[in-house]
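Trainee: What follows is a structure written as structure tokens; I'll ask about it next.
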Amino acid sequence: MKVSVIGAGNVGATCAHIVAEKQIVKEVVLIDVKEGLSEGKSLDLWQTAPINYYNTRLVGYTNDYSKTAGSEVVVITSGVPRKPGMSRDDLISINAGIVKSVTENVVKYSPEAKIIVVSNPLDIMTYTSFLTAGKPKSQVMGMAGILDTARYRAFLAEALDISPLDIQALLMGGHGDTMVPLPRFTTISGIPVTEFIDEEELNAIIERTKKGGGELVNLMGTSAWYAPGAAAAQMVEAIIMDQKRIFPCCVKLEGEYGLHDIFMGSPVKLGKDGVEKIIEVNLDDQEMQLLHQSAKAVKNVMDVLDKMNIL
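Numbering of the sequence shown is given in the working numbering, commencing with residue 4 and proceeding in unit increments.
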């Protein structure tokens, strides 16, 4: 069994490494357009196998998608970061072109593969991949909610001086400032989080979570990679191992929550067939209003892409 990761940058390499260490597939293939990058990173990672005790073979190739043939899951991390002077539309145009080309090659060699998109802007690039792939919506999804909830849970664990393992949380909506944290669905070993923290401090953590990516960019001068790579790897594991995990993922909504033809975060059941079920939780009026506000922001960017006539 094989998993391929397209894009051997920090996120892609981290995802490949974690998937390999889980020993859930025979081979992990790294692909990149930069000559020698995927070959070098995969070789470096393969040399950790005797140290970290795993057997998964890691291999890398420059732009040779034939090596990805027969992949069960493909993770797309390809794209460029937003640079000074680059507009949002510029970023969308460039990355949509990249994701379109990558998806075409993925489907050519692995028509049955489940596709996980990590490229930014996440919701829009998932939409791009879906339109290009011509696959059922259950087989094309974006990684965002797992990362966002991980940041939220990590901040809560730090503030409360407790283990992050005991925290369960749900966030929905678009990836970024319009995401919708749901404190009502946040628990610590089954106990509502409001039993542990006051409203003001909880709201501060929610705001920090919304800007979690920007905080890391300000600190490092580049986007995060450890947590995004780990989040994508967790989705890969759920599919490969048919775990039926309940995760927030970017998926196409067609009527759920009163939203139609939009890609954004929702809880789903993830198994061997990809998104096996989109789960509708009962939101109160305020939560539903926030979700629809987030949807409006996402749809505006989807419309920008549509008008570019790239797809």
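Virtual Cβ for every residue (Gly too), placed ideally from N, Cα, C.
Three or more beta-carbon pairs under 8 Å between the segment 136-147 and the segment 276-289, yes or no?
Mentor: yes
Trainee: Considering only C-alpha positions, which residue in the set S74, T71 and G10 is nearest to K44?
Mentor: G10
Trainee: For my contact list, I265 and L273 are in at a C-beta cut-off of 8 Å; report their separation, rounded to the angstrom.
Mentor: No, I265 and L273 are not in contact; Cβ-Cβ is about 20 Å, not under 8 Å.
Trainee: If you draw a straight line from the alpha carbon of T212 to that of R154, how long is it in whole angstroms?
Mentor: A direct Cα-Cα distance of roughly 6 Å separates T212 from R154.
Trainee: Output the distance between the C-alpha atoms of P167 and A157, rounded to the nearest integer angstrom.
Mentor: Roughly 6 Å between the two C-alpha positions.
Trainee: So what's T190 in DSSP terms, helix, strand or just coil?
Mentor: Three-state DSSP puts T190 in a strand.
Trainee: For a quick check, are the C-beta atoms of I101 and V77 less than 9 Å apart?
Mentor: no
Trainee: Taking the continuous alpha helix (DSSP H) assigned at I249, which residues delimit it?
Mentor: Segment R248 to E257 is the beta strand (DSSP E) holding I249; no alpha helix (DSSP H) there.
Trainee: Quick check on the DSSP output: the alpha helix (DSSP H) that includes Y260 runs from which residue to which?
Mentor: DSSP places Y260 outside any alpha helix (DSSP H), giving it a letter other than H or E.
Trainee: Can you list, in chain order, the residues of its chain whose CB lies under 7 Å from that of G216, leaving out five sequence neighbours each side?
Mentor: S226 and A227
Trainee: Looking at the structure shown, is M267 part of a helix, part of a strand, or coil, going by DSSP?
Mentor: strand
Trainee: Using the Cβ count rule (16 or more neighbours within 10 Å means buried), how would you classify T333?
Mentor: Outside the displayed span of the chain (4 to 314) sits residue 333, for which this structure offers no information.
Trainee: Given this structure, state the Cα-to-Cα distance separating L125 from M146, to the nearest angstrom.
Mentor: 8 Å
Trainee: Tell whether a beta-carbon distance below 9 Å holds between E204 and A162.
Mentor: yes
Trainee: For a test of the three-state rule: what should DSSP assign to P114, helix, strand or coil?
Mentor: coil
Trainee: Find the nearest neighbour of I165 within the set L173, I200 and L174, judged by alpha-carbon distance.
Mentor: I200
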